Amino acid sequence: MTNRTIDNNRRKFLKQAGAGMAAVAGAGMVPLRSYADDTLVVGMNIPMTGDYAPWGLPGLYDCEIIANNINAAGGVEIGGKSYQIRVAAYDHAYDTEKALQGFKKLVLEDDAKMVMMLGGSTVASVLPWATRKKVLTTTLLPSDITPDSDYLFATCESHPLYNVTGVVWLAQNYPEAKKAVIVTNNDAEYGLQSAATYKAAFEVAGIEVVDVNLHGFDVTDFAPIVSSVLAKNPDIFCMATSFYVTPLMEQLYHQGFDGKIISCTLDYYEEIIAKTSEEFVNGTIYQFPDFDDPMLNNEGIHFPDPGGFDAAFRKDHPNDWSAVAWEYPAILLNWIENAQRVGSGESEDVAKYLRNNSQNFVFGGGDWWGSQLWGLDHALVGRWPVVVIENGKARIQEYGDLSAWLADHTEVLVRHMKELGLRTV
Amino acid sequence: MLAKHRTLMTIVLILAGLLILPHYLKYHQQDFLIFLVVNVLVVASYRLVTLTGEWSLIHAVMMGIGAYTSGMLTKFLDFSFWISLPLAGVVAGLTAALLSFPLFRTTQFYFLIGSFAAGEAIRLSWIHFIRPFGGTSGISALPSPELLGIDFLEPIPYFYLTLAIVTACLVILYRIEKSRIGLTLHAVHWQAPLAESVGINTWNYRTLAFTTGSMFVGIAGALKVHYIGTVTPNQYGIGFMVFILIWLIVGGYKTFYGAILGVIILSILDEMFRELEVIRPAVYGAVLILFILYLPDGLESLPQKIASRIKGASPKGSHS
Amino acid sequence: MKLSVSNLEVSYNKVSALRGISFEVDSGDFVTLIGSNGAGKSTTLRTISGLVKPSGGEITLDGARIDNLDPDVIVQKRIGHVPEGRRIFKDLSVSENLMLGAYIHRDRNTVEKTIKQVFEHFPRLHDRRNQQAGTMSGGEQQMLAIGRALMSRPKILLLDEPSLGLAPIIVKEIGEFLSELNSQGVTVILVEQNADLALQLARFGYVLETGLIAMADRAANLADNEHVKKAYLGI
Amino acid sequence: MSMLQVKNVSKQFGGLAALDNVNFSVEKEHIHGLIGPNGAGKSTMFKIISGFSSPTAGSIIFNDSSITGLKSSRIAEAGIIRTFQQTTLFHEMTVFENVLIGTHNSSRTNILSALIGSDRKRQQSAKNHAMEAIRFMGLEDRMHQIASELPLGSKRALVIAVALSAKPRLLLLDEPFAGMNPEETNTMMALTEKVRQSGITIILVEHDMKAVMGLCDRLTVLNFGKVLAQGTPKEVRNNPEVINAYLGGGKST
Amino acid sequence: MELLVQTMVNGIIQSGFYALAAVGLVLIFGVMKVVNFAHGELTMVGAYSVWFLHAQNDMPFLLTVVTAVVLVAMIGLLMERFLFRPMTDSPLGGLICSIGVLFVLQVAATLVGGEGPSKQVPPPYEGTLVLFDMLRIPYQRLFSFAVAATTLGLLWYFLTRMRIGWALRAVAQDREAASLQGINSNRMSMIAMGVGAAMAGLAGALMAPLTNINPHMGHNVIITAFIVTIVGGVGSLPGAVIASVLYALFHTFVTTYFSGTIATISGLVIMVLILIVRPSGILGKRVTE
């Protein structure tokens, strides 16, 4: 397995080195690339190097797999014409100036009809230009939406809203758990958003939050953080983070925590089990299913052959799986579907269609939401799975109804967002 | 006199070239050019700080202070860009002046590390105090400059704006260095005790260089964020600081133009390597090592080296 | 042990410091190099001990070339060097300094014997053996520097301005010690600013001027030479 | 009235007394020698007078006002200029630039006037003044040479030229004769005398007895941080205590 | 009370890693006068080695730790021989070289480990030591701390009791004078770099089962090592160890009772204060006259 990785990487290295040399040789004087008019270009303006690379690269690999499959099968038919799909990517290394620069390159030089981005400050830096030039842009973070972001859509991940479904499920199944602590990293894009959502969800569920511990990205030792919050004797330990789940779980295990654990993600839970014990991890609640989960074959799921997709990815990239590996493809597929419906791949046409039509959400349902929190209904919200570890394996317990919760409790959510200093309308 | 005229001619030619250059570039390269010109000011102002021999690691944060100042003034208090731009410089300069009280009680390696710690503490405060700094996501949707209805969201107008301001700043920086004050700064660097013995207050001059350099990088910060429209704490971390250091050292710090050469050549290389995706940093790192091993006196020594090779004569001692 | 230097040339950054000097030192000799600052005296010593690589000429020890060897190898050839400015390890104790002087000797007994001898010569070092070397006075530090060089049991000892910055009384003491050392069979090559002292101690002297040997004669003759008297002895 | 008075000055380093209740005074336009064995406290005394170090106790009076504990640059402004042991210079600069920096006190400027050139007059007079110092020390032929490339004698002359361009009233010379051959020493002695003739008071720390005895009007001998003897060179030379401790009269080890 | 004692223990255990990383940095700086910016990345390579060999390829844990140490030491030796030695006269050049190495090592780790989320190593020593029914120390941490403490002890013995240790200290003080004693200063540089890198590799290998492993983990290590070096006094190895304990305790307590960010900010501010009040650090020598 590992040999394969190296082989793969070596091949990739050679390929990239070759491309690099070519780029160096002809830099500055390459004419604008033109593609045959039977090709539609989709842009990915993502981090491929630096510490945010894990939230960019896996998605690129998968989008390339999907594009190749589509092209091999003869392309997609849009407006009565068959098109090949090409993915053009730019590495902005999570740097705002490079993000703006790369965005322009993708749109103006590669002729990308839609640009997928991770979100956060990199999206903020491209927004004014993207809005003015009417470039369809997607983000994984609905909190990037602003009242003026007419061309920005969050069509896949409902971060951080989906967290409420886990809390609802927890409160129903473990009514005796009454005191919760929340631990998260103190960044405004991920950690604080999640923390505010969890606080709202706990409040609605009648669970008291006895401590919120915010830490920076420079933490190497989680022992003091865990000791500190466990001193409050919580029944529920909530991780509003995706960055440090494993070391936190490990500390919980060593410090003898025996309450309920709820988290946004539990990536590579097999490794967590290896570091702690299956018994300890069993019962942990989170939000991201394995893609071979049988529940993903249910009615209403809008993702073709999740199991096969999962297997294909892991074969080529055994160490690279993360939620973005299916989220970018989901966005790509959603875009293709909309382009087909509207009969055009042009940015403005698809954006207009998106705004005015209901959508199929990955896990079913699909309403546009967001104006009460961010000023515009540009986040696609639907059912979201509640996943629990059972016998060392992630299993979807149910699909929580996010739309219903939001319909009833948005003002609680807005209040908690404000409390943590986050942007609201 | 002749040499002076030739230099002047060269500068005029370069400026003229820069004025028409963006029209021949691809769109994203126009953006790249704007950031590059701003970074020229960043590294030229850093050079002023290092003239006294004290290398700081807070320059990137000073740039951030300028960026945050201008961003907050325009966004929250509706200041005009034309007022917030100089104020960005003033606030960064004032911060430097305040910090120089504790920091210049140390020198050399200690100053380097002390300035890093002070900068990192400031930067972490932007993250920690989400009000008013916006935490890690910073402040976005900053307004563009307004002037005579020119659209500064477009790269070419903004490039001309940047070019004008940066050129003006460079002229000032150059004149400072060549003035009596510049000579005194060199003196403080090379023989601080001797300088003190003839009445030069070395502390004052270190502070002067630190404050003035920070002021100019504050302006650079404001210039950059009003084009990007977003200011975040992570733009100004040790990562960017390391690049400033690299530009100056690889470019060479004996002449005024060495650092500028460094930022231009290295940034262009970095941009060319972008196609390499994952391995880009490694190739960049390897290039750094090669530059240092084979051009230990910096890129600025290259013209001399080439000249001496052509003439077959030994290179003359570098002037300062 | 016969040390011979022939046509030695050295330059720093293309400025030549030695422009072809030749001399020979036989076993048991006491030789001095005098001359004004910048004449090339220190450079000569530094080249012999390998700190500086010559750009021309050669240095041989008993016929074998040593000019391309590194300083740590040359010490093993039993050439000791007391550098200008003493250069003791200020943060280490006196005895640690001395033990480092014996770095090339792995035999414990020899080392202990040598250290005993050094302490006999310089009882003050014995008194201060556990003291941090940097806290001692200039004269004591000079003694330590000489003692440290002796620890390698050199057959040839190079000394660079041992009198610099020391009070006359200590200079005298060190001079007496060097004579005694030489009488025990150690070859001494002394570089001195204090020409008066140097010519009293040495048997043979060389006057260096701008990288060349201007005069070579018995020390007593040099001391009587009118040019030397005028230029270096201040008479 | 004495130009400089050192009153009861002591300096402790850790537990060690480098200077112990030292008193002496320097008369106007004298060359005052400060001698003593290594470690006697001469350098420490120098540092204290020039403000590079402050005394643990005692005071320094210069022209009737106390300069105790002032910053070195302030003391230089007051007119006390020191030189350093060996040849401390701005080695990378030309002779002219070195001396120009010396004129700092009379030509200082601020960024604004430096930028718009409103200080041109002052800079010009500084340049003239620098030229004067260069001519005074006989360095005009070497004006545009880089300092590090000068021969030793010229370097030492330049050291003094830099100090002179700062318009000293009291000049502290730290071992200006060290490492010189007799010819160079003679030249330097003549220059030093010439400086005094121009009305500048000098304190001289030196080991070269020929120079000390030949130049100084008065001597202060320090030993182990204390004043051992004071007086004219002749008196000091015949003082048995001095002979014993410093010149090495007896054969004591 | 329970929290207090637990926090104390957490802090002390953490100090072992800080000390290992900082001591290596101090040693390299002392002997070679190069600020090794890639020191954190050497730690990262140590951790990656354990992940790759032990977690991925089932090599026994102790053997992997040894392999990791040897591997990182080798990298250190290569850096010394081909980068730092040609740069002997230019500390800034050495600094840039080390930054170059930093980039290269980060990419190498990405190529070996893939771009996905942080890697994890299952701890070879499972279970938790429970003392007095309130103090909990995982055996893995106990083991790591014991190894770190022993190694530091051995290093102290090596530097103060062995002649090669004296030689190292001599070279650190005066390279040229050391070579006149017959000490091959290039060899000493190799030893310093080898030992310093080995310590970094060991720190990384011991940390591997306890932390998130990713190509950028070195960043935090180097910042902590800098702080510890300054607080302890540049060039003072015992100072670095003491400062590691103090800083780890301080950081752990502030993190436990306030917050992690406050801990880091106040740590930095304290460092600046120490620089001002006592620039030589708690045990360092005054460098300026």
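Protein chains in written order, with the numbering used here: chain X, 259 to 683; chain D, 1058 to 1377; chain Y, 3 to 237; chain R, 461 to 713; chain A, 498 to 786. Note that the Cβ used here is the ideal one computed from N, Cα and C, for glycine as well. These numbers were taken from a predicted model, which means no experiment stands behind them.
Beta-carbon proximity list for residue i, same chain, < 6 Å, skipping 5 on both sides
i, result
"His417 of chain X", "Leu399"
"Ala200 of chain Y", "Thr34, Ile36, Leu192, Glu194"
"Gly286 of chain X", "Here Gly286 of chain X scores only 38 on pLDDT, less than 50, and its place in the model is too uncertain to base an answer on."
"Leu47 of chain Y", "Leu160, Asp162, Val193"
"Gly603 of chain X", "Leu298, Ile336, Lys371, Ala597"
"Ala216 of chain Y", "Val209"
"Leu394 of chain X", "Met372, Tyr409, Ser605, Val608, Ala609"
"Asn184 of chain Y", "Phe32, Val190"
"Met673 of chain R", "Pro693"
"Val644 of chain X", "Thr423, Gly424, Trp427, Gln655, Glu656, Gly658"
8 Å Cβ cutoff met for residue i and residue j
i, j, result
"Trp653 of chain A", "Leu102 of chain Y", "no"
"Gly244 of chain X", "Asn577 of chain X", "Since the first residue shown for chain X is 259 and the last is 683, residue 244 of chain X is missing from the structure and cannot be characterised."
"Gly574 of chain R", "Ser625 of chain R", "Contrary to the premise, residue 574 of chain R reads as Ala rather than Gly in this sequence. No; because the gap between Cβ atoms is not below 8 Å, this pair is not in contact."
"Val77 of chain Y", "Ile106 of chain Y", "yes"
"Tyr1310 of chain D", "Thr1107 of chain D", "yes"
Whole-angstrom distance between residue j and residue i, CA atom to CA atom
i, j, result
"Ala459 of chain X", "Glu623 of chain A", "36 Å"
"Asn421 of chain X", "Ala498 of chain X", "9 Å"
"Pro1189 of chain D", "His1085 of chain D", "32 Å"
"Ala637 of chain X", "Ile594 of chain X", "18 Å"
"Thr1259 of chain D", "Gly136 of chain Y", "29 Å"
"Ile403 of chain X", "Gly715 of chain A", "34 Å"
"Ile264 of chain X", "Glu466 of chain X", "Low confidence applies to Ile264 of chain X: its pLDDT is 41, below 50, so where it sits in the model is not reliable, and the reading given next is rough at best. One C-alpha to the other measures close to 49 Å."
"Pro1360 of chain D", "Val1223 of chain D", "25 Å"
"Ser1172 of chain D", "Phe1138 of chain D", "29 Å"
"Trp579 of chain X", "Thr668 of chain X", "33 Å"
"Asn641 of chain R", "Leu682 of chain R", "26 Å"
"Phe621 of chain X", "Arg572 of chain X", "22 Å"
"Gly141 of chain Y", "Leu168 of chain Y", "6 Å"
"Ala463 of chain X", "Gly558 of chain X", "27 Å"
Buried/exposed call for residue i, threshold 16 Cβ in 10 Å
i, result
"Pro557 of chain A", "exposed"
"Ser585 of chain R", "exposed"
"Tyr1167 of chain D", "buried"
"Arg658 of chain A", "exposed"
"Pro125 of chain Y", "exposed"
"Lys502 of chain R", "buried"
"Pro614 of chain A", "buried"
"Val502 of chain A", "exposed"
"Pro547 of chain X", "buried"
Cβ-based neighbour list, residue i, same chain, cut-off 7 Å, excluding 5 preceding and 5 following
i, result
"Asp1088 of chain D", "Pro1212"
Proximal residues to residue i (C-beta, below 8 Å), its chain only, five neighbours per side dropped
i, result
"Ile1306 of chain D", "Gly1319, Ile1349, Gly1355"
"Tyr511 of chain X", "Lys533, Thr534, Ser535, Phe538"
Contact between the segment 614-621 of chain R and the segment 590-603 of chain R is defined here as three or more beta-carbon pairs at a separation below 8 Å; is this criterion met? Touching, per the Cβ criterion.
Does the segment 1088-1105 of chain D come close enough to the segment 374-389 of chain X that 3 or more CB-CB pairs lie under 8 Å? As far as the Cβ criterion goes, the segment 374-389 of chain X does not touch the segment 1088-1105 of chain D, which means the pair count is below three.
If contact is defined by three or more beta carbon pairs under 8 Å, each pair taking one atom from either stretch, is the segment 1194-1209 of chain D in contact with the segment 1274-1290 of chain D? Contact check between the segment 1274-1290 of chain D and the segment 1194-1209 of chain D: three or more CB pairs, one atom from each, fall below 8 Å, which counts as touching.
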